[in-house]
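Since the structure comes first, as structure tokens, the remarks are kept for the end.
Protein chains: 2
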Amino acid sequence: MQPIPDQFRDLMGAQVATLATVGPNGRPQQSLVWFLADGDQVRLSLNTSRQKTANLTGNPSCSLVIVDPANPYRYLEIRGAARVEADPDYTFADKVGGKYGADLRQHDAPGESRVVVTVPAERVRAVDMSA
Amino acid sequence: MQPIPDQFRDLMGAQVATLATVGPNGRPQQSLVWFLADGDQVRLSLNTSRQKTANLTGNPSCSLVIVDPANPYRYLEIRGAARVEADPDYTFADKVGGKYGADLRQHDAPGESRVVVTVPAERVRAVDMSA
């Protein structure tokens with residue numbers, strides 16, 4: 000594990016992260032996701048019907064980028080192997096909803112469910128291209 | 000190929016994109032990059048010493064995300080197989096420098112060189128989570 004540098008820790012409170020996963024064909028996919036910081040881990044609530052969720056189940060290696068909303072040249076990249084766990088009663092989804100003032104159930108169709116994706120900071124790159 | 004939707008074409012003029020590549024170990028890497036739009040292609044000037052450049056040489060599949068600087072919930076994802084070509088005399092690097100008011104030679108150490116990376120929009124996702 001690598002620590003998040005103190006001078007970049009503010010980014011752990013940002014609104015969105017870019018998640019990169021790899022499909023079974025070896026091709027990367029990216030999407031913007033809501034997240035919660037939990038110490039040096041990043042945690043996501045993902046709908047099980049999404050391609051990114053299927054990708055993580057097959058290949059847990061992923062990367063998250065969090066950009067400073069005030070400075071697009073300052074960002075954190077966090078890489079790690081994701082742990083994927085069921086969240087059948089929306090316990091974790093409701094924590095994420097608390098950060099965003101949203102009910103994640105409203106993003107899901109009938110029959111869909113949620114998982115908690117935990118990404119430990121195995122590798123951290125803290126970049127400030129404007130410095 | 001897929002066209003960039005007209006209502007998202009403004010993002011092709013943004014300042015930065017997030018590039019995702021896949022390493023020889025099957026793990027994704029992300030970094031922020033400068034880019035030029037060329038119709039429905041995205042073109043980058045990369046230093047040959049970087050991990051992302053090595054990754055693209057081994058596995059050309061990549062993904063680019065361009066986020067609306069005024070709305071972090073509105074973005075384009077462009078996926079394609081990158082073409083990597085030498086740029087020994089900085090012809091293309093100088094075009095990128097023209098967009099950013101920068102001389103890319105100043106980002107390179109002695110002995111390093113540049114390639115032009117062209118990513119055709121084989122797959123396009125235009126997302127507005129705020130709509």
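Sequence lines, in order, name chains A and B.
Under numbering that gives the first Met the number 0, the residue at position 81 of the first sequence is numbered 80, and the numbers go up by one with no gaps.
Under numbering that gives the first Met the number 0, the residue at position 49 of the second sequence is numbered 48, and the numbers go up by one with no gaps.
Even for Gly, the Cβ is constructed at its ideal location relative to N, Cα and C.
I'd like to confirm something about residue i: is its beta-carbon nearer than 7 Å to some heavy atom of the ligand HEM, or not?
{"i": "P119/A", "result": "Although the ligand HEM was asked about, the structure shown includes no ligands whatsoever."}
Would you kindly check if the distance between the Cβ of residue j and the Cβ of residue i is under 8 Å?
{"i": "D86/A", "j": "S44/A", "result": "yes"}
{"i": "V32/B", "j": "V21/B", "result": "no"}
{"i": "M160/B", "j": "P119/B", "result": "Given that chain B is displayed from residue 0 to residue 130, the structure contains no residue 160/B and the question cannot be resolved."}
{"i": "N46/A", "j": "D107/A", "result": "yes"}
Is there at least one Cβ from chain D nearer than 8 Å to residue i's Cβ?
{"i": "G25/A", "result": "The chain labelled as chain D is not found among the protein chains of the depicted structure, namely A and B."}
If you draw a straight line from the C-alpha of residue i to the C-alpha of residue j, how long is it?
{"i": "P27/A", "j": "S62/B", "result": "6 Å"}
{"i": "R42/A", "j": "E121/B", "result": "31 Å"}
{"i": "D9/B", "j": "V64/B", "result": "14 Å"}
{"i": "A13/B", "j": "R73/A", "result": "16 Å"}
{"i": "R124/B", "j": "Q29/A", "result": "10 Å"}
{"i": "A80/A", "j": "L35/A", "result": "17 Å"}
{"i": "V115/A", "j": "F91/B", "result": "44 Å"}
{"i": "Q105/A", "j": "S48/A", "result": "15 Å"}
{"i": "V66/A", "j": "S60/A", "result": "20 Å"}
{"i": "G25/B", "j": "N54/B", "result": "10 Å"}
{"i": "E76/B", "j": "P68/B", "result": "15 Å"}
{"i": "G38/B", "j": "R78/B", "result": "15 Å"}
{"i": "K51/A", "j": "E84/B", "result": "31 Å"}
{"i": "A19/B", "j": "A19/A", "result": "7 Å"}
{"i": "Q40/B", "j": "G100/B", "result": "22 Å"}
{"i": "P71/B", "j": "T117/B", "result": "25 Å"}
{"i": "K94/A", "j": "S112/B", "result": "48 Å"}
{"i": "D127/B", "j": "K98/B", "result": "26 Å"}
{"i": "F7/B", "j": "T17/A", "result": "18 Å"}
{"i": "P4/B", "j": "R82/B", "result": "23 Å"}
According to DSSP, is residue i helix, strand or coil?
{"i": "V123/B", "result": "strand"}
{"i": "Q29/B", "result": "strand"}
{"i": "Q154/B", "result": "Nothing in the structure corresponds to residue 154/B, since chain B is present only between 0 and 130."}
{"i": "D102/A", "result": "coil"}
{"i": "V21/B", "result": "strand"}
{"i": "R49/A", "result": "coil"}
{"i": "D5/B", "result": "helix"}
{"i": "G79/A", "result": "strand"}
{"i": "N54/A", "result": "helix"}
{"i": "V95/A", "result": "helix"}
Contact check, residue i vs residue j under 8 Å by CB: the rounded distance?
{"i": "G96/B", "j": "D102/B", "result": "6 Å"}
{"i": "G57/A", "j": "P23/A", "result": "6 Å"}
- Listed in chain order, which residues of the segment 57 to 69 of chain A have Cβ atoms closer than 9 Å to some Cβ of chain B? N58, S60, C61, S62, L63, V64, V66, P68
- Task: Report the residues of the segment 28 to 53 of chain B with a CB closer than 8 Å to any CB of chain A, ordered along the chain.
- Result: Q28, Q29, S30, L31
- Message: Can you pull out the residues from the segment 1 to 19 of chain B whose beta carbon lies closer than 8 Å to at least one beta carbon of chain A?
- Response: Q14, V15, T17, A19
- Closer than 8 Å, Cβ to Cβ, to anything on chain B: give me those residues from the segment 66 to 92 of chain A, in chain order. V66, P68, P71, Y72, Y74, E76, R78
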